[in-house]
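Each remark here refers to the structure printed beneath this line.
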Ligand SMILES: Cc1cc2nc3c(=O)[nH]c(=O)nc-3n(C[C@H](O)[C@H](O)[C@H](O)COP(=O)(O)OP(=O)(O)OC[C@H]3O[C@@H](n4cnc5c(N)ncnc54)[C@H](O)[C@@H]3O)c2cc1C
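In structure tokens:
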């Protein structure tokens with residue numbers, strides 16, 4: 002550092018699951034890397050470190066492909082050792098009729114369909130792993146506030162006044178990406194007209210290592226199974242209830258007892274009564290897709306490039322796949338003597354990821370519309386369709402394998 006500017010080869014803006022995974026994937030490369038994060042949680046804030054039984058309200062359903070990437074960077078075993086829950090079955094049904102579909106890991110010759118993990122458990126594992134990484138500097142707290150591009154590189158300026166210069170800047174700073182905005186990268190955006198209410202709940206009966214999802218007229222309600230609690234039972238689930246904003250506000254504000262009764266009825270008492278609910282949070286749901294993932298020497302990945310409806314729990318899986326491909330292309334490019342920000346290398350990343358991300362986004366958009374309020378003939382059709390897919394094993398298996406990430410390269 003001379004002129005007050007800290008110099009790196011690559012700066013990753015955003016230290017969420019996607020940004021931190023990329024930092025791990027760049028280990029061993031002859032690059033000076035900085036990982037910039039607005040705020041890292043204090044140890045005391047991590048729910049799994051506390052003595053009382055608390056779960057993080059934010060969880061992710063990690064598919065096999067994501068688990069593999071986390072395994073390759075040496076994080077997955079540590080995550081498993083803390084706590085997580087494999088789900089072996091998935092039951093989806095329509096509140097407006099009789100249509101239902103049942104996925105089972107056994108039918109696919111797999112041990113599980115996916116694993117539900119608290120985001121804070123994954124992040125703690127990633128940062129533990131990054132602690133000893135020689136080519137990495139973690140810069141936090143740091144809030145990206147401005148970008149300066151001088152042709153040869155980009156300088157990311159924090160609101161604290163720190164200046165970080167890099168040949169390549171990766172924006173992995175989430176759906177409201179500051180990098181995307183500051184770089185003037187355009188974005189297509191659509192409001193789903195829904196908010197997601199998330200909370201940890203305890204039910205009367207075991208979740209049976211099953212992910213449950215019921216499509217209500219106002220949106221899908223999912224129960225995602227959590228690890229065994231101190232009492233030895235598998236009775237904690239993380240719920241994601243997508244609904245109209247006015248109902249979401251109501252669900253967050255109402256007394257716990259009323260909420261538990263309403264939730265149990267909404268899932269048709271499949272897990273018996275809901276006995277307890279932790280604090281409830283709500284998130285607006287928007288579909289976003291950056292028109293380009295690359296501009297000069299700036300690249301977007303994860304939610305900064307695309308956000309989708311959480312109904313199939315695929316957001317973070319797509320982001321992990323983005324950075325696995327990006328790291329592979331950078332590695333190949335450097336091996337072939339290309340510069341880090343070579344447009345050929347960056348465009349290859351964009352080409353490889355755009356189709357997959359758009360495909361998933363359209364599928365989620367279609368499901369969201371199909372299961373929204375529909376006239377009677379369409380409701381009949383979707384019920385018949387669900388039943389058809391449930392009986393058509395090859396089609397059902399194809400859908401399940403896609404959700405598990407068993408397609409494409411990377
Ligand atoms: C209710 C809900 C449920 C979901 N459930 C699932 C699921 O089951 N499975 C799944 O795969 N996905 C799920 N998702 C989606 C998933 O949470 C996201 O896709 C995932 O978190 C994206 O990771 P990311 O690292 O790209 O972004 P983020 O997790 O948003 O991380 C971005 C990071 O950048 C930092 N940052 C932001 N702005 C700045 C700035 N200006 N300066 C510095 N740092 C900054 C933030 O502090 C944050 O740490 C769900 C989403 C929602 C809303």
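Residue numbers (this note's numbering): 2 to 411. Heads up, the beta-carbon is just placed ideally off N, CA and C, and yes, glycines get one too. It should be emphasised that the depicted structure is a prediction, and the values quoted were computed from it without experimental measurement.
Selected residue, minimal CA-CA separation from residue 285, among 269, 261, 243
Of the candidates 269, 261, 243, the one whose C-alpha sits nearest the C-alpha of residue 285 is 243.
Requested in this report: Can you check DSSP and say which residues form a bridge with residue 318?
Outcome: Residue 318 is not bridged to any residue.
Return the CA-CA distance between residue 253 and residue 281, expressed in angstroms with no decimal places.
Cα-Cα distance, rounded: 6 Å.
### Message
Under DSSP, the alpha helix (DSSP H) around residue 67 begins and ends at which residues?
### Response
65-73 is the extent of the alpha helix (DSSP H) around residue 67.
| message | Just checking residue 321 against ligand 1 - is the residue's beta carbon closer than 6 Å to any of the ligand's heavy atoms? | response | Residue 321: no, Cβ never under 6 Å from ligand 1.
Any alpha helix (DSSP H) of 4 or more consecutive residues that is wholly inside the segment 34-121:
Runs of the alpha helix (DSSP H) inside the segment 34-121: 65-73, 77-83.
Boundaries (first-last residue) of the alpha helix (DSSP H) holding residue 134 = Boundaries cannot be given for residue 134, as no alpha helix (DSSP H) includes it and DSSP labels it neither H nor E.
Just the C-alpha distance for residue 152 and residue 228, rounded to the nearest angstrom, thanks.
In this structure, the straight-line span from the alpha carbon of residue 152 to that of residue 228 is close to 50 Å.
Please return the same chain residues whose Cβ sits closer than 6 Å to the Cβ of residue 419, not counting the five positions on each side in sequence.
Only positions 2 to 411 of the chain appear in the structure, and residue 419 is not among them; the question remains open.
Q) Just the Cα atoms here: how many angstroms apart are residue 24 and residue 137? A) Approximately 8 Å between the Cα atoms of the pair.
Q.
I'd like the span of the beta strand (DSSP E) that includes residue 18, first residue to last.
A. That residue, residue 18, is in no beta strand (DSSP E); its alpha helix (DSSP H) goes 18-26.
Item to check | Sequence ranges, alpha helix (DSSP H) only - wholly within the segment 207-245, length at least 4 | outcome: Runs found: none.
* Asked: What residues are listed by DSSP as bridge partners for residue 169?
  -> Listed as beta-bridge partners of residue 169 by DSSP are 11.
Open item on the list: Beta-carbon within less than 7 Å of residue 271's beta-carbon, same chain only, minus the 5 sequence neighbours each way: which residues are those?
Closed with: So the list reads 213, once near-sequence residues are dropped.
- prompt: Buried or exposed: where does residue 82 fall if 16 or more other Cβ atoms within 10 Å of its Cβ makes it buried?
  reply: Result: exposed.
Exercise. From which residue to which residue does the alpha helix (DSSP H) around residue 263 run?
Worked result: In the DSSP assignment, residue 263 falls within the alpha helix (DSSP H) that extends over 257-267.
Checklist entry - Taking the DSSP output, what are the residues bridged to residue 296? => result Partner(s): 299.
Proximity winner among 111, 251, 93, relative to residue 406 (alpha-carbon distances): When each option's Cα is compared against that of residue 406, the closest is 111.
Tell me whether residue 95, by its Cβ, gets closer than 6 Å to a heavy atom of ligand 1.
The answer is no for residue 95.
(Q) Considering just the uninterrupted stretch of the alpha helix (DSSP H) at residue 181, what are its terminal residues? (A) Residues 179-183.
- Should the segment 162-172 be called in touch with the segment 54-67, which here means at least 3 C-beta pairs below 8 Å? No contact exists between the segment 162-172 and the segment 54-67.
| message | For a test of the three-state rule: what should DSSP assign to residue 251, helix, strand or coil? | response | In the structure shown, residue 251 sits in a helix (DSSP, three-state: H, G or I).
Checklist entry - What do you reckon, are the CB atoms on residue 216 and residue 95 nearer than 7 Å? => result The Cβ-Cβ distance between residue 216 and residue 95 falls below 7 Å.
Is residue 103 buried or exposed, if buried means 16 or more other CB atoms sit within 10 Å of its CB?
By the neighbour-count definition (other C-beta atoms within 10 Å, threshold 16), residue 103 is an exposed residue.
Practice item. Pick helix, strand or coil for residue 410, following the three-state DSSP scheme. Key: Because the pLDDT of residue 410 is 47, which lies under 50, any placement of that residue in the model is unreliable, and the question is left without a value.
task: May I ask you to report which of helix, strand or coil DSSP gives residue 205?
output: Looking at residue 205 - three-state DSSP - the assignment turns out to be coil, as it is neither helix nor strand.
query = Which residues in the same chain as residue 295 place their Cβ atom closer than 8 Å to its Cβ, once the five residues preceding and following it in sequence are excluded?
reply = Residues 301, 344, 347, 348, 350, 351 of the same chain have their beta carbon placed closer than 8 Å to that of residue 295, with the five preceding and five following residues left out of the count.
| Smallest Cα separation from residue 273: which of 312, 209, 304, 332? | Per the Cα distances, 209.
For the pair the segment 74-94 and the segment 324-335, tell me if three or more CB-CB distances fall below 8 Å.
When C-beta atoms of the segment 74-94 are compared with those of the segment 324-335, fewer than three pairs fall below 8 Å, so the two segments do not count as touching.
For residue 150 and residue 33, what's the separation of their Cα atoms in angstroms? Approximately 19 Å, taken between the alpha carbons.
Worksheet item: Can you tell which of 133, 131, 60 has its C-alpha closest to the C-alpha of residue 198?
Response: Taking only the C-alpha atoms, the option nearest residue 198 is 60.
Exercise for the section: Would you tell me roughly how many angstroms separate the C-alpha atoms of residue 411 and residue 240, rounded to the nearest one? Expected result: Here the model assigns residue 411 a pLDDT of 45, short of 50, so the residue's position is not dependable, and the following value carries that caveat. Approximately 31 Å between the Cα atoms of the pair.
Discussion item. I believe residue 289 touches residue 307 by the beta-carbon criterion, under 8 Å. Please report the beta-carbon distance rounded to the nearest angstrom.
Written reply: Approximately 6 Å separates the beta-carbon atoms of residue 289 and residue 307; this is inside 8 Å, confirming the contact.
Is there at least one non-hydrogen atom of ligand 1 closer than 6 Å to the beta-carbon of residue 238?
It does not: the Cβ of residue 238 is nowhere closer than 6 Å to a heavy atom of ligand 1.
Can you name the start and end residues of the beta strand (DSSP E) that residue 278 belongs to?
-> From DSSP, the beta strand (DSSP E) with residue 278 extends over 275-278.
### Task
Consult DSSP for residue 271 and reduce its assignment to one of helix, strand or coil.
Looking at residue 271 - three-state DSSP - the assignment turns out to be coil, as it is neither helix nor strand.
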